[in-house]
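See structure below.
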Amino acid sequence: MLREQYSEYLRSEELPSVWCPGCGNGIIVKALVNAIAALSLRRDDVVLVGGIGCSGRTPFILDFNTMHTTHGRALAFATGIKLARPELKVIVAMGDGDASAIGGNHFIHACRRNIDLAAIIFNNAIYGQTGGQLAPTTPQGKRSTTSLLGTIEPNFDLCKLALGAGAGFVARTTVFDFHELIETLTRALTHKGFSVVEALTPCPTYFGRMNDLREPYEMLHYLKDQTIPQALEDVPDEAAQMKRLPTGIFKDEQRMEYTELYSQLCKAAKGAAVSSSE
Amino acid sequence: MPERKAKAKKPRLIQGNEACTYGALYAGCSFYAGYPITPSSEIMELMSRELPKTEGVFIQMEDEIASISAVIGAAWAGKKAMTATSGPGFSLMQEGIGYAAITETPCVIVNSQRWGPSTGQPTKTAQGDVMQAIWGTHGDHPVIVLTASHVRDVFEMTVTAFNFSEQYRVPVILLLDEVLSHMRENVCLPEPGERNLIERQRPARADGFKPFKDLTFLPFGAGARFNVTGMAHDEDGFPAQAAEADRQLRRIMNKIHQNVEKVALYEELHLDDARVLIVTYGITSRAAENAVEELRAEGVPVGLVNLKTLWPFPDFLFERLGQNVSHLLVPELNLGQLVREVKRAVQGRWLTVEHLGRVDGSLITPQQIVEAIHQLTGTKIPKEGVQQC
Numbered sequence: 657m658l659r660e661q662y663s664e665y666l667r668s669e670e671l672p673s674v675w676c677p678g679c680g681n682g683i684i685v686k687a688l689v690n691a692i693a694a695l696s697l698r699r700d701d702v703v704l705v706g707g708i709g710c711s712g713r714t715p716f717i718l719d720f721n722t723m724h725t726t727h728g729r730a731l732a733f734a735t736g737i738k739l740a741r742p743e744l745k746v747i748v749a750m751g752d753g754d755a756s757a758i759g760g761n762h763f764i765h766a767c768r769r770n771i772d773l774a775a776i777i778f779n780n781a782i783y784g785q786t787g788g789q790l791a792p793t794t795p796q797g798k799r800s801t802t803s804l805l806g807t808i809e810p811n812f813d814l815c816k817l818a819l820g821a822g823a824g825f826v827a828r829t830t831v832f833d834f835h836e837l838i839e840t841l842t843r844a845l846t847h848k849g850f851s852v853v854e855a856l857t858p859c860p861t862y863f864g865r866m867n868d869l870r871e872p873y874e875m876l877h878y879l880k881d882q883t884i885p886q887a888l889e890d891v892p893d894e895a896a897q898m899k900r901l902p903t904g905i906f907k908d909e910q911r912m913e914y915t916e917l918y919s920q921l922c923k924a925a926k927g928a929a930v931s932s933s934e
Numbered sequence: 324m325p326e327r328k329a330k331a332k333k334p335r336l337i338q339g340n341e342a343c344t345y346g347a348l349y350a351g352c353s354f355y356a357g358y359p360i361t362p363s364s365e366i367m368e369l370m371s372r373e374l375p376k377t378e379g380v381f382i383q384m385e386d387e388i389a390s391i392s393a394v395i396g397a398a399w400a401g402k403k404a405m406t407a408t409s410g411p412g413f414s415l416m417q418e419g420i421g422y423a424a425i426t427e428t429p430c431v432i433v434n435s436q437r438w439g440p441s442t443g444q445p446t447k448t449a450q451g452d453v454m455q456a457i458w459g460t461h462g463d464h465p466v467i468v469l470t471a472s473h474v475r476d477v478f479e480m481t482v483t484a485f486n487f488s489e490q491y492r493v494p495v496i497l498l499l500d501e502v503l504s505h506m507r508e509n510v511c512l513p514e515p516g517e518r519n520l521i522e523r524q525r526p527a528r529a530d531g532f533k534p535f536k537d538l539t540f541l542p543f544g545a546g547a548r549f550n551v552t553g554m555a556h557d558e559d560g561f562p563a564q565a566a567e568a569d570r571q572l573r574r575i576m577n578k579i580h581q582n583v584e585k586v587a588l589y590e591e592l593h594l595d596d597a598r599v600l601i602v603t604y605g606i607t608s609r610a611a612e613n614a615v616e617e618l619r620a621e622g623v624p625v626g627l628v629n630l631k632t633l634w635p636f637p638d639f640l641f642e643r644l645g646q647n648v649s650h651l652l653v654p655e656l657n658l659g660q661l662v663r664e665v666k667r668a669v670q671g672r673w674l675t676v677e678h679l680g681r682v683d684g685s686l687i688t689p690q691q692i693v694e695a696i697h698q699l700t701g702t703k704i705p706k707e708g709v710q711q712c
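Chains as they are written, first to last, in the working numbering: chain A, 657 to 934; chain B, 324 to 712.
If you want it as structure tokens, here you go:
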């Protein structure tokens with residue numbers, strides 16, 4: 657994609673973004689713009705909803721209908737938008753804490769409902785915006801400003817969580833794998849139903865500094881070394897011992913989508929109302 | 324009490340919660356998101372039955388935070404949207420109410436009050452959420468708080484809630500209570516077209532639309548591609564600080580407070596010759612009306628103000644009170660909430676303001692009010708003490 661084509665999707669007056677040098681969020685945004693361009697979605701028909709945190713700032717810089725909501729609730733706001741206007745393409749940008757800590761309840765219920773939203777989780781494994789605190793996704797043993805000796809808490813596997821809760825499309829990749837990220841987002845946006853893309857992204861400022869990965873390239877290599885392209889249930893023992901996270905598209909199955917089912921329900925309700933008045 | 328004219332022919336025996344639902348549908352509500360909670364659940368049940376018939380949206384969310392969030396999302400997608408809850412759920416909704424206030428999102432939140440705090444007594448009535456309705460979310464913020472006294476009034480005030488929210492782009496909170504929600508009365512509901520319905524003002528053009536400049540509104544997908552945020556923002560919806568944040572906060576507060584005389588609805592009785600005035604609202608006004616009749620029969624020059632709008636508070640009403648009013652009594656089902664606003668509004672005047680509170684989960688009776696007035700005016704020896712505050 658050419659530079660001029662990107663700028664069509666960006667709100668240049670809102671740049672530069674708040675993101676630190678070495679942050680991977682810009683790579684996710686670039687991949688998302690590529691996917692949207694590949695699908696020729698009209699900017700007027702796209703709604704981008706963000707939560708709170710570094711990733712939550714994504715809506716500011718992209719030229720769609722955009723909404724920066726409250727912490728953890730992006731999916732609930734997006735559910736209201738999608739139900740009210742099913743013809744709009746609704747994309748949700750969340751952080752890992754946003755999606756799985758404060759917004760964990762909304763996340764599992766959005767997966768269960770299978771409403772046609774594309775949820776992108778920018779997973780940097782830490783609370784970046786508030787200064788590097790422990791997240792539910794911080795790998796056990798890693799340091800943060802609230803776990804200086806290494807966290808004793810086990811971390812969430814967000815993809816397993818999404819699969820367990822019933823999402824129709826579940827995938828994980830990293831900003832290191834840029835082309836795979838574009839392909840994954842494109843497929844997620846095409847999927848009719850709730851799709852989850854967990855994009856692992858580096859936070860050299862906090863995660864890196866706290867965990868001896870101070871340089872951005874070190875963090876990118878860490879993401880590469882920490883992951884392995886595999887089916888979720890198919891992780892080799894050695895990789896499991898090294899705690900390498902499987903990446904790939906773990907599920908892409910169509911099942912009846914919520915707004916379609918709701919439309920059918922309305923027809924049934926109208927039919928019942930007519931027959932009872934006859 | 325002067326009653327609004329209802330031209331519909333057939334009276335129906337319906338519950339307050341049903342009247343609220345029918346009022347919302349009459350006003351054009353086409354989106355409802357909620358979570359079950361006593362004593363408001365019948366609103367959600369009836370919405371789930373009625374909305375799909377007209378292709379309106381009903382969704383039961385995973386909690387009250389999600390409910391108000393979905394309502395705000397739907398409002399920005401162009402719908403007239405509402406939710407209903409009770410105390411514990413209303414506490415959870417404060418986050419979303421703040422977001423709706425700063426983003427100037429038209430929406431309606433119904434809170435059927437029950438005894439609190441916390442789980443309290445789910446099936447017992449109270450008027451304990453008045454201050455929370457006004458100040459519940461953090462930061463200075465604009466809201467309109469309405470209430471109702473009887474079942475048809477619930478219908479009318481629900482329609483009014485939607486009208487105000489659309490007109491001023493503001494979250495409107497309608498305070499009911501357990502008794503009013505569940506009580507059944509024979510009412511005649513208005514026919515379509517009998518009530519004026521207000522719709523969001525549209526800007527002349529989508530091009531160059533500034534979503535946070537004035538009361539005009541465009542939904543998502545209408546070609547304007549603006550940003551909405553709960554952060555302090557400029558007219559375009561992008562983060563703002565210092566002088567612009569100050570200016571915007573004052574603007575959204577002023578749009579309500581400068582219109583207080585249009586928004587502050589009330590009913591009055593015997594205000595012309597009253598020396599003692601009962602200031603009441605909601606379900607408690609029913610007992611106050613009976614008390615006024617009884618006291619008038621005794622020859623006590625008592626009047627009544629029934630506030631339909633609790634916020635913005637009608638200071639103007641108290642500034643205009645005649646010199647002959649010497650005593651005010653504020654009965655309410657709490658330990659002293661709206662009475663504080665009344666005291667503030669009459670500050671500096673030679674007036675005695677007393678509070679009559681009840682918090683055992685039952686209603687204040689006409690007899691309690693009569694006795695409180697007797698004590699206040701020294702006309703008779705009271706049987707029970709009037710609560711000081």
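Note that the Cβ used here is the ideal one computed from N, Cα and C, for glycine as well.
Interface partners of residue i on chain B, CB under 7 Å
i: residue 723(A); result: 399 and 551
i: residue 700(A); result: 544, 546 and 548
i: residue 761(A); result: 385 and 386
i: residue 997(A); result: With chain A running from 657 to 934 in the structure shown, residue 997(A) is simply not present.
i: residue 626(A); result: Residue coverage of chain A in this structure runs from 657 to 934, which leaves residue 626(A) outside it and unanswerable.
Residues that residue i contacts on chain A, provided the C-beta gap is smaller than 8 Å
i: residue 393(B); result: 732, 733, 735, 736 and 739
i: residue 422(B); result: 725 and 726
i: residue 380(B); result: 739, 740 and 918
i: residue 354(B); result: 736, 739 and 740
Residues that residue i bridges to, as DSSP identifies them
i: residue 434(B); result: 408(B) and 498(B)
i: residue 457(B); result: DSSP output for residue 457(B) lists no bridge partner at all.
i: residue 383(B); result: 357(B)
i: residue 800(A); result: 803(A)
i: residue 467(B); result: 495(B)
Straight-line gap, residue i to residue j (C-alpha atoms, nearest Å)
i: residue 846(A); j: residue 723(A); result: 22 Å
i: residue 347(B); j: residue 422(B); result: 22 Å
i: residue 681(B); j: residue 340(B); result: 23 Å
i: residue 651(B); j: residue 698(B); result: 12 Å
i: residue 697(A); j: residue 805(A); result: 47 Å
i: residue 860(A); j: residue 787(A); result: 12 Å
i: residue 350(B); j: residue 686(A); result: 44 Å
i: residue 886(A); j: residue 855(A); result: 15 Å
i: residue 598(B); j: residue 498(B); result: 29 Å
i: residue 703(A); j: residue 749(A); result: 11 Å
i: residue 878(A); j: residue 831(A); result: 11 Å
i: residue 410(B); j: residue 700(B); result: 36 Å
Residue i, DSSP secondary structure in three states
i: residue 922(A); result: helix
i: residue 710(B); result: With a pLDDT of only 46 at residue 710(B), under 50, the local geometry of the prediction cannot be trusted, and the value read off the model is given with reservation. Correct three-state label for residue 710(B): coil.
i: residue 485(B); result: helix
i: residue 696(A); result: coil
i: residue 721(A); result: strand
i: residue 579(B); result: helix
i: residue 324(B); result: With a pLDDT of 47 at residue 324(B), under the threshold of 50, the predicted position of this residue should be treated as unreliable, and no value is reported.
i: residue 670(A); result: helix
i: residue 865(A); result: helix
i: residue 476(B); result: helix
i: residue 631(B); result: coil
Endpoints, the beta strand (DSSP E) within which residue i is located
i: residue 677(A); result: Looking at the DSSP string, residue 677(A) is not in any beta strand (DSSP E), and its letter there is neither H nor E.
i: residue 606(B); result: Taken as a continuous stretch (DSSP letters only), residue 606(B) belongs to no beta strand (DSSP E), as it is neither H nor E.
i: residue 543(B); result: No beta strand (DSSP E) contains residue 543(B), which DSSP labels as neither H nor E.
i: residue 740(A); result: Note, residue 740(A): premise wrong, no beta strand (DSSP E); alpha helix (DSSP H) at 730-740.
i: residue 651(B); result: 650-655
i: residue 589(B); result: 589-592
Bounding residues of the alpha helix (DSSP H) (the contiguous stretch that carries residue i)
i: residue 696(B); result: 689-700
i: residue 344(B); result: 339-350
i: residue 760(A); result: 760-769
i: residue 820(A); result: 814-821
i: residue 828(A); result: Per DSSP, residue 828(A) belongs to no alpha helix (DSSP H); it is in the beta strand (DSSP E), 825-830.
i: residue 446(B); result: Not the alpha helix (DSSP H): residue 446(B) falls in the beta strand (DSSP E), residues 444-448.
Closer than 7 Å at the beta carbon, the chain A residues around residue i
i: residue 375(B); result: 921, 922 and 925
Under 9 Å by beta carbon: chain B residues contacting residue i
i: residue 715(A); result: 550, 551 and 552
Contacts that residue i makes with chain B (C-beta to C-beta distance below 8 Å)
i: residue 744(A); result: 400, 543 and 544
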